[in-house]
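As they're listed, the protein sequences go chains W and Z. Numbering follows our numbering, with no gaps: position 112 of the first sequence is 112. Numbering follows our numbering, with no gaps: position 123 of the second sequence is 123. A quick write-up on the structure given underneath.
Protein chains: 2
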Amino acid sequence: MSSSHQPHRAGDLLFLKRLNRSTILELVRRTPGLTRADIATQAQLTKATVGGGVQSLLEQGWLCEGELQKSSGGRPGRALHLNEQRFAMLGAEVGVHGLRLVACTPSGRVLESLNERLPLSSPEVAAERLAELLQTLMQSPSLDGYHLLGTGIALPGPVAPEDAILRVAPNLGWREVRFLDLLHAHLPRQDTIWVMENEAKSAAFGELYFRTGSIPASLVYISAGTGIGSGMVEGNRLPLLSRGHQGLAGEIGHTVLQPGGLYCHCGNRGCAETLVSGWSIRAALGINEEEDLIEAIQPRLQEPQVQLTLRRAGEALGALILNLHHTQNPSEIVLGGSLVRLGGPFLEPALAYFRDNQARLLSDSRPVPLRVIEDATLVAARGAAAQVLANVIHGSNELL
Amino acid sequence: MSSSHQPHRAGDLLFLKRLNRSTILELVRRTPGLTRADIATQAQLTKATVGGGVQSLLEQGWLCEGELQKSSGGRPGRALHLNEQRFAMLGAEVGVHGLRLVACTPSGRVLESLNERLPLSSPEVAAERLAELLQTLMQSPSLDGYHLLGTGIALPGPVAPEDAILRVAPNLGWREVRFLDLLHAHLPRQDTIWVMENEAKSAAFGELYFRTGSIPASLVYISAGTGIGSGMVEGNRLPLLSRGHQGLAGEIGHTVLQPGGLYCHCGNRGCAETLVSGWSIRAALGINEEEDLIEAIQPRLQEPQVQLTLRRAGEALGALILNLHHTQNPSEIVLGGSLVRLGGPFLEPALAYFRDNQARLLSDSRPVPLRVIEDATLVAARGAAAQVLANVIHGSNELL
DNA sequence: GTAACTTAGTTTTTTCTTTTTACTAAGTGG
DNA sequence: CCACTTAGTAAAAAGAAAAAACTAAGTTAC
């Protein structure tokens, strides 16, 4: 969301100060254990400036001091870490089959989570229930003493940038929903940050943002569930989400993969979702909406028709991944979503297709890493929480 | 190339000063005729700061003062413009069929251009000839009195970010070419900026960067010629090119559009280029490499086979554009390249496909603007020059 | 015509943040 | 134990933008 459509920020001294504070905090966040001297080197600031900045970040409770580092012939520096006891963010995902909530620390550690199945319902009902669960989560004992920075909401559909409107959620049957407004009817804003973003984009953000050590320059998260979506985040200094003009960036489920192919829900023909998605697999195998897809397929895995369907779907997913490779070319690809649980018969063809074809153009010896997340339950909710933190650290608010 | 892999820049006072100078220059560049007061409002700086910044930019020759604005009940402000007499950038495109060179002013006005056909040749030969032509261009009388900021080179293939290596140029048969090094064997660096980038990405950059007035938040340029490539540029403050991890971002010609389809040059099956590209159309219609594609087709436009081929290719292009819409979702799409000259029989199906299908997901009343560039001869070269200027204004060099 | 008002831009002083410089702290190695 | 190295702090200096006061140059009301 970030909003703030002002193209240029004021370049005053306060801005400079905050920029340096945010730089320091960001460096420690990425590589825990840094000393003041390390920061001075990496940020190209003087020791004095870093010392002052660290001082104020310690006082505000963002950082805490750790052990003395090993010395290499001089006074040892003192390690700095994110303070894990002071601030927390909430994140929630509104999914097709339920609500997932997390509370996590600035390093991404999950303090508490909730997972509730909820049948398909109206935006109003979902918002009311989510508000209740958020209240519950906030009062959880494991959050005692934490100052809550804000709440991020992940939704299964394109969210218009700047507007905080969920444009459409095909699998929920929602359209043009101002979900945050609905939520605030039951839960006060309370001067904290509220972020609302697409589910796959949130997941992508969290997967990159909470990484420490060697951080990929860019990352694509593919969310394969009832529908198929993706999100891309990149940028070295501040991680930026590719949202697109109308929030449609990453809607790979509706890229054409077979011109003149089957009709898709969206009305076009040959969309990727007609080949690979929860709903297309259900349709091909005659599995009811009420049944759990995975549970229904598990006992039928030996049937040739099931195997063929899964292989075809997997190959289509492989082509989709390859297409992302050739349009966005991320440094890393992460695959999550409920379809991952279909396992080898579905995943192997996908991975094989990408593995065999990704080096067609470039004979690059180092293939792009592709990681499969077995349990992606909390990924999107956690990523929504991540965006709250990023908003605080990089945003123009007064919290830092 | 931008390079400078340092993740964080020093936040000292000089940095702040340069940031504000660059902000001022950027604002005037985007909306010529701004007054100091306008800038102060938009940049959220005080009149005094803007006054000082403008002063130094006037002295350095970046800006010049224009007419008095109309007054609305007070002292009229003085319009500021880019100085078009002082600085210039060179840009060149190495294409499959020849070399194109331009010299242009900071506003993008072309001072001089060269266009030379060159048969397919080695990187060394091309570099030597390009060096000669650059020399010629630099000595052109219309560049008298101009200070040259640098030179940008656009190449028909993926360029690795940070490395200045052309990874591969399929239609030239080149691989792993350090083109700038070859060029510098014949032409000294001379303390100016050198930029090397993919051709479609360069074009995209130039199309966005030289725009004034209402500037789209993001733009995709599609280059449809012998092969098909694209480039995306976005970002409000400083325009950022999506390069991708290995420079493969935008290689839409090798996205799979028909799994199990025809074999592509790259070895994979069903790539978009097997359906729409200069080479696939030649193959379908039996047109020799030596003939000019457009000239060969023109007299045969009434043949049903030609019409069918062009329509099929156009529809594939339409699907490609729709796929970009659903993966990148740019605010604007620009279509250029030699295939544009095929005209209606090719373009109409493409535009119709995109027009009819782009609102499937969102019933957005305002469709994404799609502009066709009739004569894209100089677009990539000009865009390469644009990157030089952007490097000066936003980069960390001392020129500002 | 002129005084009141409005807006543009500059000059001067003040404020604030970083750097510079000098210093203290705390380890290693001969 | 003493030189040496590196980490971090403190006080003085430099430099940038802000704030306030000012001049400049138009319009509007009467």
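A virtual CB, placed ideally from N, CA and C, is assigned to each residue, including glycine.
Taking the alpha carbon of residue i as the point to measure from, which residue in the options has its own alpha carbon closest?
i: W:His147; options: W:Leu120, W:Gln60, W:Pro299, W:Arg18; result: W:Gln60
i: W:Leu45; options: Z:Lys201, Z:Leu34, Z:Leu14; result: Z:Leu14
i: Z:Arg30; options: Z:Gln55, Z:Val233, Z:Phe210; result: Z:Phe210
i: Z:Glu199; options: Z:Asp38, Z:Pro299, Z:Thr377, Z:Arg78; result: Z:Thr377
i: W:Asp364; options: Z:Leu82, Z:Val168, Z:Leu16, Z:Ser56; result: Z:Val168
i: Z:Gly244; options: W:Pro259, W:Glu291, W:Ile333; result: W:Ile333
i: Z:Glu132; options: Z:Leu183, Z:Ser122, Z:Gly152, Z:Gly173; result: Z:Leu183
i: Z:Asp375; options: Z:Ile39, Z:Gly225, Z:Gln42; result: Z:Gly225
i: Z:Arg178; options: Z:Ser214, Z:Ser122, Z:Ile215; result: Z:Ser122
i: W:Gln42; options: W:Gln55, W:Leu25, W:His326; result: W:Leu25
i: Z:Pro239; options: Z:Glu93, Z:Thr35, Z:Ala48, Z:Ala390; result: Z:Ala390
i: W:Ile153; options: W:Glu291, W:Ala386, W:Phe346; result: W:Ala386
i: W:Gln190; options: W:Ser56, W:Gly227, W:Pro299, W:Gln135; result: W:Gln135
i: Z:Trp194; options: Z:Ser396, Z:Leu400, Z:Ile222, Z:Val388; result: Z:Val388
i: W:His186; options: W:Ser140, W:Leu130, W:Ala319; result: W:Leu130
i: Z:Glu295; options: Z:Arg311, Z:Asp144, Z:Pro304, Z:Gly278; result: Z:Gly278
Look at the alpha carbon of residue i and the alpha carbon of residue j, and state the distance between them as a whole number of angstroms.
i: W:Ser3; j: W:Thr23; result: In this prediction, W:Ser3 has a pLDDT of 31, which is less than 50 and means its spatial position is unreliable; nothing more can be read from the coordinates.
i: Z:Met1; j: Z:Met196; result: Note on Z:Met1: pLDDT 33, under 50, position unreliable in the model; the coordinate value appears next. The straight-line gap from Cα to Cα measures roughly 6 Å.
i: Z:Asp163; j: W:Glu273; result: 37 Å
i: W:Val110; j: W:Ala381; result: 10 Å
i: Z:His203; j: Z:Ala384; result: At residue 203 of chain Z the sequence reads Ala, which differs from the His that was named. Looking at the two C-alpha atoms, the distance is approximately 7 Å.
i: W:Met232; j: Z:Leu155; result: 26 Å
i: Z:Gly52; j: Z:Leu58; result: 10 Å
i: W:Gly73; j: W:Glu234; result: 39 Å
i: W:His394; j: Z:Ser280; result: 48 Å
i: W:Val102; j: Z:Pro216; result: 37 Å
i: W:Gly77; j: W:Arg36; result: 7 Å
i: Z:Asp356; j: Z:Arg18; result: 47 Å
i: Z:Glu406; j: Z:Phe87; result: Since the first and last residues shown for chain Z are 1 and 400, residue 406 of chain Z lies out of range.
i: Z:Leu370; j: W:Lys201; result: 26 Å
i: Z:Asn20; j: Z:Ser242; result: 25 Å
i: W:Ile373; j: W:Leu219; result: 14 Å
With a threshold of 7 Å between beta-carbons, can residue i be considered close to chain Z, or not?
i: W:Asn171; result: no
i: W:Val28; result: no
i: W:Gly51; result: no
i: W:Ala79; result: no
i: W:His326; result: yes
i: W:Gly244; result: yes
i: W:Glu162; result: no
i: W:Leu248; result: yes
i: W:Ala48; result: no
i: W:Ala319; result: yes
Would residue i count as contacting chain W if we go by Cβ distances under 7 Å?
i: Z:Pro259; result: yes
i: Z:His254; result: yes
i: Z:Cys266; result: yes
i: Z:Glu364; result: The sequence given here has Asp at residue 364 of chain Z, not Glu. Answer yes: the Cβ-Cβ gap between Z:Asp364 and chain W drops below 7 Å somewhere.
i: Z:Leu241; result: no
i: Z:Glu207; result: no
i: Z:Glu251; result: yes
For a test of the three-state rule: what should DSSP assign to residue i, helix, strand or coil?
i: W:Gly231; result: strand
i: W:Leu240; result: strand
i: Z:Val306; result: helix
i: W:Asn115; result: strand
i: Z:Leu389; result: helix
i: W:Ile193; result: strand
Tell me, please, which residues DSSP counts as bridged to residue i.
i: Z:His394; result: Looking at the DSSP assignment, Z:His394 forms no beta bridge with any residue, so it has no partner.
i: W:Arg269; result: W:Tyr263
i: Z:Ile287; result: Answer is none; Z:Ile287 lacks a bridge partner.
i: Z:Gly91; result: Z:Val102, Z:Gly152
i: Z:His81; result: Z:Cys64
i: Z:Tyr221; result: Z:Gly231, Z:Val334
i: Z:Ile165; result: Z:Ala160
i: Z:Gly370; result: First, the amino acid is wrong: residue 370 of chain Z is Leu here, not Gly. According to DSSP, which records beta bridges pairwise, Z:Leu370 is partnered with Z:Ile333.
i: Z:Asn357; result: Partner(s): none; Z:Asn357 has no beta bridge.
i: Z:Ala174; result: A small correction: the amino acid at residue 174 of chain Z is Trp; Ala does not occupy that position in the sequence shown. Paired residues: Z:Ala169.
i: Z:Asn198; result: Z:Leu155
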